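Okay, so here's the structure we're looking at.
Number of protein chains: 4
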Amino acid sequence: MKYGLVGFSGKMGKEIIEVFSEYCHQLVAKFDRTHREVQEKPDIILDFSSPEALKETVELSKKFLCPAVIGTTNLKEQDISMLNELSALVPVVYSSNFSVGINVIKNILESFKLEFSEWDIEIIEFHHRKKKDAPSGTALFLSESLGNVPIHSIRAGGIFGDHKILFANEGEVIELSHRAMSRKIFALGALKAAEFAISTKASFYTFRDVLSKKR
Amino acid sequence: MKYGLVGFSGKMGKEIIEVFSEYCHQLVAKFDRTHREVQEKPDIILDFSSPEALKETVELSKKFLCPAVIGTTNLKEQDISMLNELSALVPVVYSSNFSVGINVIKNILESFKLEFSEWDIEIIEFHHRKKKDAPSGTALFLSESLGNVPIHSIRAGGIFGDHKILFANEGEVIELSHRAMSRKIFALGALKAAEFAISTKASFYTFRDVLSKKR
Amino acid sequence: MKYGLVGFSGKMGKEIIEVFSEYCHQLVAKFDRTHREVQEKPDIILDFSSPEALKETVELSKKFLCPAVIGTTNLKEQDISMLNELSALVPVVYSSNFSVGINVIKNILESFKLEFSEWDIEIIEFHHRKKKDAPSGTALFLSESLGNVPIHSIRAGGIFGDHKILFANEGEVIELSHRAMSRKIFALGALKAAEFAISTKASFYTFRDVLSKKR
Amino acid sequence: MKYGLVGFSGKMGKEIIEVFSEYCHQLVAKFDRTHREVQEKPDIILDFSSPEALKETVELSKKFLCPAVIGTTNLKEQDISMLNELSALVPVVYSSNFSVGINVIKNILESFKLEFSEWDIEIIEFHHRKKKDAPSGTALFLSESLGNVPIHSIRAGGIFGDHKILFANEGEVIELSHRAMSRKIFALGALKAAEFAISTKASFYTFRDVLSKKR
Chain A
1 MKYGLVGFSG
11 KMGKEIIEVF
21 SEYCHQLVAK
31 FDRTHREVQE
41 KPDIILDFSS
51 PEALKETVEL
61 SKKFLCPAVI
71 GTTNLKEQDI
81 SMLNELSALV
91 PVVYSSNFSV
101 GINVIKNILE
111 SFKLEFSEWD
121 IEIIEFHHRK
131 KKDAPSGTAL
141 FLSESLGNVP
151 IHSIRAGGIF
161 GDHKILFANE
171 GEVIELSHRA
181 MSRKIFALGA
191 LKAAEFAIST
201 KASFYTFRDV
211 LSKKR
Chain B
1 MKYGLVGFSG
11 KMGKEIIEVF
21 SEYCHQLVAK
31 FDRTHREVQE
41 KPDIILDFSS
51 PEALKETVEL
61 SKKFLCPAVI
71 GTTNLKEQDI
81 SMLNELSALV
91 PVVYSSNFSV
101 GINVIKNILE
111 SFKLEFSEWD
121 IEIIEFHHRK
131 KKDAPSGTAL
141 FLSESLGNVP
151 IHSIRAGGIF
161 GDHKILFANE
171 GEVIELSHRA
181 MSRKIFALGA
191 LKAAEFAIST
201 KASFYTFRDV
211 LSKKR
Chain C
1 MKYGLVGFSG
11 KMGKEIIEVF
21 SEYCHQLVAK
31 FDRTHREVQE
41 KPDIILDFSS
51 PEALKETVEL
61 SKKFLCPAVI
71 GTTNLKEQDI
81 SMLNELSALV
91 PVVYSSNFSV
101 GINVIKNILE
111 SFKLEFSEWD
121 IEIIEFHHRK
131 KKDAPSGTAL
141 FLSESLGNVP
151 IHSIRAGGIF
161 GDHKILFANE
171 GEVIELSHRA
181 MSRKIFALGA
191 LKAAEFAIST
201 KASFYTFRDV
211 LSKKR
Chain D
1 MKYGLVGFSG
11 KMGKEIIEVF
21 SEYCHQLVAK
31 FDRTHREVQE
41 KPDIILDFSS
51 PEALKETVEL
61 SKKFLCPAVI
71 GTTNLKEQDI
81 SMLNELSALV
91 PVVYSSNFSV
101 GINVIKNILE
111 SFKLEFSEWD
121 IEIIEFHHRK
131 KKDAPSGTAL
141 FLSESLGNVP
151 IHSIRAGGIF
161 GDHKILFANE
171 GEVIELSHRA
181 MSRKIFALGA
191 LKAAEFAIST
201 KASFYTFRDV
211 LSKKR
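What follows is the structure, encoded as structure tokens:
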């Protein structure tokens with residue numbers, strides 16, 4: 001496929017380029033804060049950058065009438081509304097986490113929240129020291145399923161992203177944890193989402209929809 | 001209730017006596033290798049001791065026509081048959097683990113085994129150095145749900161019982177772990193099972209049946 | 001030995017009574033908020049209760065001219081001064097943690113702080129939901145050796161006390177963690193401290209002094 | 001510096017090339033099973049490949065009279081002898097683990113083995129499913145310091161390399177663990193070793209010598 005990429009020069013941008021080129025997809029339009037370049041009409045547009053870029057991403061998607069895959073974290077309510085609106089025209093996949101594992105954990109939490117209703121629950125998330133937002137979008141995403149439990153954010157070294165959910169009662173402790181070993185898993189998730197988006201009809205999707213449709 | 005206890009002088013036996021007396025239940029019959037004493041007909045008989053004791057437990061249950069709660073690990077097929085037979089006469093609750101948490105984990109594994117079909121899975125279990133059997137009954141119980149994955153057994157110090165299930169793919173690691181903080185949780189589980197058993201009809205039950213009926 | 005105990009009816013008080021009686025020591029004086037009873041002159045006085053009790057403990061130690069073992073956490077500077085003063089008259093052992101393991105970890109941190117000078121360091125501590133103070137005295141005790149690193153406090157279920165120290169650089173993570181499996185270890189530590197205190201000369205000691213002298 | 005690399009086409013080989021080129025060092029001689037190419041005399045030769053390659057590496061080092069940095073695991077006694085012999089002519093740095101963190105842990109274990117003499121100790125190591133040797137060279141390296149404790153090897157997914165040392169007594173558990181987040185840390189260690197080797201005199205060194213001399 002031919003794809004456009006917002007935030008092509010950032011860390012996630014580079015990772016997406018590497019993974020997409022492994023699968024022979026072509027980068028035909030690229031954008032960042034200081035640079036915009038369109039060689040050809042893209043089949044899809046991806047944005048894993050920052051909230052400030054979103055408005056332009058939405059405009060590009062409208063202009064080219066192509067689906068959008070959005071992995072930006074820390075979006076506000078009005079940003080989500082903007083994506084919802086866009087999804088009337090084209091398929092939009094939005095998620096704060098594009099890893100398969102985190103989405104399996106999300107499903108476990110939703111299926112088992114009743115079983116854990118009498119347990120104390122706390123989330124602890126670990127990310128590299130340069131991460132700007134805290135708590136992480138993923139921690140908030142997981143916390144929602146549990147009725148907004150407390151989140152503890154640790155920023156240290158180069159940790160890609162660890163999330164632990166701790167459940168404790170008087171005599172037992174259960175831990176459910178996820179560790180990303182590289183940024184590549186998110187780029188692979190973005191690819192799955194892109195493949196899904198270009199072959200479906202206009203609507204608003206999450207990465208979980210992508211995973212459940214794929215099966 | 002009035003209860004009989006096989007293995008009353010062992011570690012789990014003492015724990016059961018402590019918890020049951022907190023709830024004002026009366027120990028009316030007690031047995032171990034060298035001692036047998038029946039003061040009154042019990043309403044239920046419990047056995048969390050060793051496989052060798054099982055035959056007598058079954059006979060006691062038949063004699064008093066009272067339900068049996070069995071938490072002995074390391075039973076053989078013929079032992080299970082014996083319990084199955086007994087369950088035609090009286091309610092029998094048998095499980096290799098009477099903790100609420102382990103049974104929640106068992107349910108998670110059964111519900112999500114398809115999601116994990118492409119992940120490598122390994123179980124690691126940690127118990128005190130005096131534990132005789134390895135792997136633990138609980139590890140085997142969890143492993144079954146996953147198609148018998150490899151189990152690593154670690155015996156050290158006074159660890160009551162930790163179980164970890166590790167799922168790994170190329171870029172992610174998920175861990176689901178359980179830690180028992182004392183033997184008391186198993187005695188509390190035995191109490192739940194006993195309360196269930198004396199108010200139900202003759203059949204073979206597991207601790208999961210107890211938990212799901214209770215809800 | 002004959003011992004006096006301040007806070008005899010609390011959780012740590014009961015644990016101390018159990019361990020000391022295993023070793024045939026006699027409780028001859030006991031105190032709590034509503035009760036004071038002296039049967040005989042004690043050889044030593046122990047206090048693992050709360051800061052409010054300390055003043056009376058110090059007075060008792062002076063009155064009986066017997067050593068004091070203090071495990072109360074959350075003491076203020078003026079409390080420490082009071083203990084320092086007392087230590088001119090009798091041996092005083094004061095520590096915020098009487099476990100062997102925590103003190104080994106303290107020694108590791110002090111010996112290796114230079115090696116970790118370029119790593120990001122964070123402490124995470126887990127305790128039962130009823131614990132009143134946060135961060136724990138032990139976390140503060142460990143943090144001091146590292147130049148006061150950030151501490152994250154998690155309160156959940158019945159966790160006795162877990163402490164993790166996380167070290168991260170760009171490509172590696174080291175974790176050093178300690179888990180107490182019961183309150184008994186602290187009572188065993190109190191016993192070691194008491195045995196040490198009754199056979200030494202008046203001075204101020206920590207539990208680390210007890211451990212290093214014992215070897 | 002100008003360097004020669006044995007095993008240039010393997011995973012570690014590629015990582016070394018990437019890191020060394022970041023620091024503007026020049027690859028002037030490269031070797032693998034099917035290819036050998038020498039453009040210029042190297043200042044140093046590195047080998048992080050497999051035991052079968054070692055003989056040629058030693059010959060190259062003799063021929064060019066340049067230092068050797070060896071990170072191959074699973075070497076036999078006679079291989080080590082060969083390196084010892086070589087070290088009479090040129091500086092040789094040999095280690096089964098070139099990460100800073102593992103070497104700090106090694107130092108901790110050696111300094112504190114007496115404190116842990118009454119604890120049960122077990123090592124658990126986790127590596128990717130394609131790793132050929134088990135236990136890992138690093139686990140053996142750590143185990144030696146503790147009098148050869150049991151090692152449990154888990155092979156799953158794409159885990160780069162996790163090592164845990166578990167210490168347990170009757171009431172406490174201490175864990176000391178290390179996680180490599182990428183192969184890059186080993187290549188950075190190889191660079192440190194190479195810089196050290198080209199500026200020192202002929203002798204046999206370990207990576208720990210490199211780290212302690214650097215300080």
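So the protein sequences, as listed, match chains A, B, C and D. Heads up, the first sequence is in the UniProt record's numbering, so the first residue is 1 and it goes up one at a time. Heads up, the second sequence is in the UniProt record's numbering, so the first residue is 1 and it goes up one at a time. Heads up, the third sequence is in the UniProt record's numbering, so the first residue is 1 and it goes up one at a time. Heads up, the fourth sequence is in the UniProt record's numbering, so the first residue is 1 and it goes up one at a time. Note that CB positions come from ideal geometry on N, CA and C, so glycine has one too. Quick caveat, the model's predicted, so the values are computed rather than measured.
Spatial distance of residue i from residue j (CA atoms)
i	j	result
Ser-153 of chain A	His-127 of chain A	8 angstroms
Lys-214 of chain B	Pro-91 of chain B	Any reading at Lys-214 of chain B must be qualified, since the residue scores a pLDDT of 46, below 50, and its modelled position is unreliable; the value itself is stated next. Straight-line Cα distance between these residues: approximately 16 angstroms.
Gly-101 of chain C	Tyr-23 of chain A	52 angstroms
Lys-113 of chain B	Lys-184 of chain C	40 angstroms
Met-181 of chain A	Asp-209 of chain C	43 angstroms
Phe-20 of chain D	Gly-157 of chain A	22 angstroms
Met-82 of chain B	Leu-46 of chain B	16 angstroms
Asp-162 of chain B	Ser-177 of chain B	7 angstroms
Ile-198 of chain A	Met-1 of chain A	9 angstroms
Ala-190 of chain C	Ile-16 of chain C	8 angstroms
Ser-143 of chain D	Leu-109 of chain A	39 angstroms
Lys-130 of chain C	Phe-160 of chain C	10 angstroms
Phe-207 of chain C	Val-173 of chain B	40 angstroms
Arg-155 of chain A	Val-104 of chain D	22 angstroms
Leu-166 of chain D	Ser-117 of chain C	25 angstroms
Ala-29 of chain A	Glu-175 of chain A	43 angstroms
Leu-75 of chain D	Ile-151 of chain B	29 angstroms
Glu-170 of chain D	Leu-27 of chain C	25 angstroms
residue 262 of chain C	Asp-79 of chain C	Residue numbering for chain C in the displayed model covers 1 to 215; residue 262 of chain C lies beyond these limits and cannot be assessed.
Pro-51 of chain C	Ser-87 of chain C	18 angstroms
Gln-39 of chain D	Phe-204 of chain D	28 angstroms
Glu-77 of chain C	Lys-164 of chain D	39 angstroms
Glu-37 of chain B	Thr-200 of chain B	27 angstroms
Asp-120 of chain C	Ala-168 of chain C	5 angstroms
Ser-61 of chain C	Glu-18 of chain B	37 angstroms
Given residue i as reference, the closest of the options once Cα atoms are compared
i	options	result
Thr-72 of chain A	A:Ile-198, A:Ser-136, A:Ser-212	A:Ser-136
Lys-106 of chain B	A:Lys-132, A:Ser-99, A:Glu-110, A:Glu-115	A:Glu-115
Lys-63 of chain C	C:Lys-76, C:Leu-89, C:Ser-49, C:Gln-78	C:Leu-89
Ala-202 of chain C	C:Val-93, C:Glu-110, C:Glu-170, C:Arg-179	C:Val-93
Phe-98 of chain C	C:Ala-187, C:Ser-212, C:Tyr-205	C:Ala-187
Leu-211 of chain A	A:Ile-165, A:Leu-54, A:Asn-148, A:Ser-95	A:Ser-95
Leu-65 of chain A	A:Lys-76, A:Asp-43, A:Ala-134	A:Asp-43
Met-12 of chain A	A:Phe-160, A:Ser-49, A:Ala-29	A:Ser-49
Ser-145 of chain C	C:Glu-170, C:Ser-111, C:His-25	C:Ser-111
Chain-ordered neighbours of residue i on chain A, where CB pairs are closer than 7 angstroms
i	result
Ser-99 of chain B	Glu-172
Distance cut-off 7 angstroms: residue i Cβ against heavy atoms of the ligand MN
i	result
Asp-79 of chain A	Only the bare structure without any ligand can be found here, which leaves the ligand MN out of the picture.
The UniProt domain "Dihydrodipicolinate reductase C-terminal" (101-211) of chain A: positions lying closer than 9 angstroms to chain D by Cβ: Gly-157, Gly-158, Ile-159, Phe-160, Arg-179, Met-181, Ser-182
Inter-stretch contact (C-beta, 8 angstroms, three-pair minimum) for the region 56-73 of chain B and the region 188-204 of chain B: yes
At least three beta-carbon pairs within less than 8 angstroms, the region 116-125 of chain A to the region 137-153 of chain A: yes
Any 3 or more C-beta pairs closer than 8 angstroms across the region 26-42 of chain D and the region 1-16 of chain D: yes
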